[in-house]
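**Q** Please find one structure pasted underneath; my questions will follow.
Numbering (the UniProt record's numbering), first residue to last: 1 to 132.
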């Protein structure tokens, strides 16, 4: 536990990211927090959308990304090795690879063909269960 606490002080971002100054009059957008249980690619898209005005500030994107995390996702970030992140692309790739199991697989035609209406099930229940 002490090792985990000490590791939180060593940032996974490289020193050039940590030294990045905020743009003048910068106001941090509100982020929907990601906890590791949904599609990580959706979270990255939502984060990029929130940061659209500052997307050219790659180092700023890296510095603010942890502000969009909570729970297991934030713990994952703090357990990364020190100074491993140099670009937002690297960070996004590591993040997506780690949480890819949280992504729900879309149903294909074969899956839909297997769905049958259950006895006692209303049409509404059947439709809700069989849609993407």
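The beta-carbon is built from N, C-alpha and C at its ideal position, and this holds for glycine as well.
Report the residue from 15, 31, 62 and 29 whose alpha carbon sits nearest the alpha carbon of residue 91.
**A** Per the Cα distances, 62.
**Q** Using the C-alpha atoms, what's the distance from residue 71 back to residue 125?
**A** Distance between the alpha carbons of residue 125 and residue 71: 33 Å.
**Q** Evaluate residue 18 with the Cβ neighbour count: other Cβ atoms within 10 Å of its Cβ, from every protein chain shown; 16 or more gives buried, anything less gives exposed.
**A** So residue 18 counts as exposed.
**Q** Apply the 10 Å Cβ neighbour rule to residue 49 and answer buried if 16 or more other Cβ atoms are within range, or exposed otherwise.
**A** With fewer than 16 Cβ atoms within 10 Å of its Cβ, residue 49 is classed as exposed.
**Q** Taking Cβ to Cβ, would you say residue 54 is nearer than 7 Å to residue 45?
**A** Contact: no.
**Q** Identify which residue in 81, 128 and 58 has its Cα closest to the Cα of residue 20.
**A** Out of 81, 128 and 58, 58 has the C-alpha closest to the C-alpha of residue 20.
**Q** Using only alpha-carbon positions, find the residue among 29, 78 and 83 that is nearest to residue 16.
**A** Minimum Cα distance to residue 16 is reached at 83.
**Q** Within its chain, find whatever has a CB closer than 8 Å to the CB of residue 87; leave out the 5 residues flanking it on each side and keep chain order.
**A** So the list reads 58 and 62, once near-sequence residues are dropped.
**Q** In the DSSP assignment, what are the bridge partners of residue 69?
**A** Looking at the DSSP assignment, residue 69 forms a beta bridge with 34.
**Q** Quick one, which of 80, 37, 27 and 64 has its alpha-carbon nearest residue 10's?
**A** Nearest of 80, 37, 27 and 64 to residue 10, Cα basis: 80.
**Q** When burial is assigned at 16 or more other CB atoms within 10 Å of the CB, is residue 101 buried or exposed?
**A** When all chains shown are included, residue 101 counts as exposed.
**Q** Buried or exposed for residue 23, going by 16 or more other Cβ atoms inside 10 Å?
**A** With fewer than 16 other Cβ atoms within 10 Å, it is exposed.
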